[in-house]
Each structure stands twice: as C-alpha cells, then as structure tokens.
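*Asks:*
Numbering (our numbering), first residue to last: 4 to 81.
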C-alpha cells in the first residue's frame with residue numbers, strides 16, 4: 004500500500020524514522036494470539052512511533068518513482 008506522491012513544483016524526497024518507545028498498553032481489549040488455551044494478551048500495544056520527513060530532492064527524470072509505503076512492517080491478525 005502506498006501514499007500518493009507529493010505534488011508540487013519541485014521534486015521531493017522522503018525518509019521515514021522509527022523511534023522505539025516504552026511499551027504501553029492502549030486498551031483494555033484482549034485477544035488470544037494462538038490456541039484457545041493460551042492466555043489473553045492486550046490487543047493494542049504501542050512499541051514504536053514512526054514519522055516521515057519530506058525534503059527537497061534532485062530526482063533524475065528517467066527514474067521510475069513510486070508512492071511511499073505507509074506500513075513499515077507486517078501486522079498479522081489471528
């Protein structure tokens with residue numbers, strides 16, 4: 004999945020930064036992560052914060068740019 008390319012008069016580059024944060028449970032909702040005999044675990048846990056910085060760039064005209072990925076890692080749902 005991709006975000007749309009930035010629009011404007013000048014080429015733009017982007018870099019995504021990830022910052023680990025102290026683990027924090029964000030909800031009282033719980034889920035099983037496997038078999039029904041397993042303990043319930045928190046469904047929403049914050050472990051890292053990510054943000055994208057955009058900056059002016061010199062992009063060659065012949066390059067084949069594509070949109071920016073907005074998922075940094077796969078998130079599985081069991």
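Where a beta carbon is used, it is the ideal one built from N, C-alpha and C, also for glycine.
1) How many angstroms separate the CA atom of residue 41 from the CA atom of residue 7?
2) Near residue 22, which residues of its chain fall below 7 angstroms by C-beta distance, leaving aside the five closest residues on each side in sequence?
3) Is DSSP giving residue 13 helix, strand or coil here?
4) With a CB to CB cut of under 8 angstroms and the five nearest residues on each side skipped, what residues in its chain are close to residue 12?
5) Would you list the one or two residues that DSSP bridges to residue 21?
6) Quick check: the Cα distance between residue 27 and residue 49, rounded to an integer number of angstroms?
7) Span of the beta strand (DSSP E) holding residue 43?
*Replies:* The structure says:
1) Using only the alpha carbons, I get a separation of about 41 angstroms.
2) Here the set comprises 51, 52.
3) DSSP places residue 13 outside both helix and strand once states are collapsed to three, so it counts as coil.
4) None.
5) DSSP, once it has assigned bridges, lists 53 as partnering residue 21.
6) Rounded to whole angstroms, residue 27 and residue 49 show a C-alpha spacing of 5 angstroms.
7) Run containing residue 43: 43–45, per the beta strand (DSSP E) assignment.
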